[in-house]
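Accompanying notes for the structure given below.
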Amino acid sequence: MRSKSASRKSQASSEGASEEDFSFARNRLLVEIADDAERTESYTGRASFKESVMQALADVPREAFVPDGSRRKAYDNRPLPIGQGQTISQPYIVALMTDLLDLKPDDRVLEIGTGCGYQTAVLAVLASEIFSVEYLEDLHRSAKVRLTDLGCQNIRFRHGDGWQGWSEHAPYDAIIVKAAAARIPDRLKEQLAPGGRLLVPVGRQHETQFLTRIVRSPDGTFDEERGLPVAFVPLVEDR
C-alpha cells in the first residue's frame, strides 16, 4: 500500500480537521488498542499485538473509510455505521483479527466481507495478495474504487457469496470472515492451505458469538479454538 499523505490532507481539510488532528487521534487509538489487548489476554492468549500489525493500523487512514459525517469519529475505538445495515469494525477487533492470522509477507489471504475496505487495506499492508469477496454490490463497488484510489495494488475484488469462498484462487494461507456464521463453512475450510489459518465469528445474530480460529494441519485435520465473545452482522448464505 502506497503513502497516503496527500489523500489524508485532502480528507482532513474537507471536514475542517487537520492531518495533525487525525495523527493525534490515531496515536491515541493505538495506545487504547494496546491497553485492550492486555485486558483481553485471558480470551485471546495475546497480551500484545505484533509491531507489524500496529504499524499497519498506523499507516492506513481510517478516516478514508467512514462516511463524511463520521470522519471526526474515525479514530474512536468503536464500530461506526457505513450504510446498508453494515459497520466498519472496532479498531481493536481489526487489530485482534489481523494479529490472529499470523500473516507473513508472502501470504495469500481470502477476506469474506469487504465492507468499506478498511480491514482489506490493513491486510494489504501485511500480505502479498488479498482476495476480497463482498455480498452487497454497492459496498463491493465503493470499496473497490476507494482502495484503488488509495493506491492498493495487491487486492482482487469479487461480488458474490462469501459462504462459498473463492475456490478459483485457493488454497489460501489465511482466511478472515467479517460476519458471523451459525456454523463454520466447510467450503472455507477446504480452501485453506496446510498450515493455513481461518478466523470466523461463530454464532447466531442476537446470541453470543465467539471469534473462532481454525488451523489446518499438514495431515488435513483441523484444530479449532474458541476465543473472544464478539458481535457481528450475520454472514449471508446464498442458497
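Quick note on the working numbering: the sequence shown kicks off at 12 and runs consecutively.
Each residue gets a CB set at the ideal place from its N, CA and C atoms; glycine is no exception.
Just so we're clear, the structure is a prediction, and the values are computed from it rather than from any experiment.
query, result
"Straight-line gap, residue 193 to residue 126 (C-alpha atoms, nearest Å)", "20 angstroms"
"As assigned by DSSP and simplified to three states, the class of residue 44", "helix"
"Segments of 3+ residues assigned as beta strand (DSSP E) that fall wholly inside the region 60 to 141", "91 to 94, 97 to 99, 119 to 123"
"Sequence-distant residues of its chain with Cβ nearer than 7 angstroms to residue 45 (five each side left out)", "59"
"Sequence-distant residues of its chain with Cβ nearer than 6 angstroms to residue 135 (five each side left out)", "12, 141, 163, 165, 166"
"N- and C-terminal bounds of the beta strand (DSSP E) containing residue 183", "183 to 188"
"For residue 186 and residue 221, the rounded distance between their alpha carbons", "16 angstroms"
"Residue 156, enclosing alpha helix (DSSP H) - first and last residue", "148 to 160"
"Check whether residue 8 and residue 138 have beta carbons under 9 angstroms apart", "This structure cannot settle anything about residue 8, because the visible part of the chain is limited to 12 through 250."
"Enclosing beta strand (DSSP E) for residue 234 [first to last residue]", "233 to 241"
"Start and end residues, alpha helix (DSSP H) containing residue 198", "197 to 201"
"Rounded distance between the beta-carbons of residue 208 and residue 110, thought under 8 angstroms", "About 11 angstroms; that fails the 8 angstroms criterion."
"Whole-angstrom distance between residue 124 and residue 230, CA atom to CA atom", "29 angstroms"
"Per DSSP, the bridge partner or partners of residue 255", "Since the first residue of the chain shown is 12 and the last is 250, residue 255 is not available in this structure."
"Helix, strand or coil at residue 145 according to DSSP, with G and I counted as helix", "strand"
"Own chain, CB closer than 8 angstroms to residue 115, minus 5 neighbours either side, in chain order", "138, 184"
"Test item: CB-CB of residue 199 and residue 176 under 9 angstroms", "yes"
"Burial state of residue 223 (16 or more Cβ within 10 Å)", "buried"
"Outcome for residue 233 when other beta-carbon atoms lying within 10 angstroms are tallied against a minimum of 16", "exposed"
"Delimiting residues of the beta strand (DSSP E) encompassing residue 167", "166 to 170"
"Outcome for residue 168 when other beta-carbon atoms lying within 10 angstroms are tallied against a minimum of 16", "buried"
"C-alpha distance - residue 29 paired with residue 170, whole-angstrom precision", "35 angstroms"
"Nearest neighbour of residue 69, chosen from 130, 79, 93 [CA to CA]", "130"
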